[in-house]
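Right, one structure below, let's go through it.
Numbering (the UniProt record's numbering), first residue to last: 1 to 158.
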């Protein structure tokens, strides 16, 4: 569990173990090809999903695509990342916030809030979680890997 804290209106606790079921995850290969999210919009002509969304209500986090395209082998062998933008935006950073400080036991890496759209957390490698304690690796990906920090234990918006 990692908490988004600091200069935010709503501190949010993240549980990376649930991201494997989140439609927003992408494989590391998809991310490198420019895909930021695995979400696909539901079309009106697609009656099954449209009716389910109306009858059951939208789920948060969105899971319909994962249920629809569940591939057990890919989940057991894939290396997945998730874009952090929706999580930080939902925490509502303060008007004067300018950086996100990601820390582990040894160091802190400050990432400009303007780079938020390119901030990813890797939570899985070859179908397994990265660390026994459930922590993640973080990096900015824009035409290559930048500002990488391993074993993130703290997220603070400043």
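Just so it is clear, CB atoms sit at the ideal spot from N, CA and C, and this is done for glycine as well.
Because the structure is a prediction, the values reported are computed rather than measured.
For residue 134, which residues in the same chain have their Cβ closer than 6 Å to its Cβ, ignoring the five residues on either side in sequence? 16 and 17
Since residue 14 contacts residue 80 with CB under 8 Å, what's their CB separation in whole angstroms? Not really, about 15 Å apart at Cβ, beyond 8 Å.
What do you reckon, is the C-beta of residue 133 under 8 Å from a heavy atom of the ligand FMN? Among the components of this structure there are no ligands whatsoever, and the ligand FMN is therefore not found.
Where does the unbroken beta strand (DSSP E) through residue 101 begin, and where does it stop? 99-103
Strictly by DSSP, which residues pair up with residue 139? 120
Along the beta strand (DSSP E) that carries residue 81, what are the first and last residues, could you check? 80-83
Straight-line gap, residue 23 to residue 11 (C-alpha atoms, nearest Å): 23 Å
Tell me the DSSP secondary structure of residue 130 in three-state form. When DSSP states are grouped into helix, strand and coil, residue 130 belongs to the coil group.
Measure the CB-CB distance between residue 100 and residue 9 and report whether it falls below 9 Å. No.
Beta-carbon proximity list for residue 142, same chain, < 6 Å, skipping 5 on both sides: 118
Who pairs with residue 114 in a beta bridge, going by DSSP? Answer is none; residue 114 lacks a bridge partner.
Alpha-carbon to alpha-carbon, residue 37 and residue 111: 20 Å
What are the residues that DSSP puts in a beta bridge with residue 93? 8
What is the rounded straight-line gap between the Cα of residue 78 and the Cα of residue 145? 19 Å
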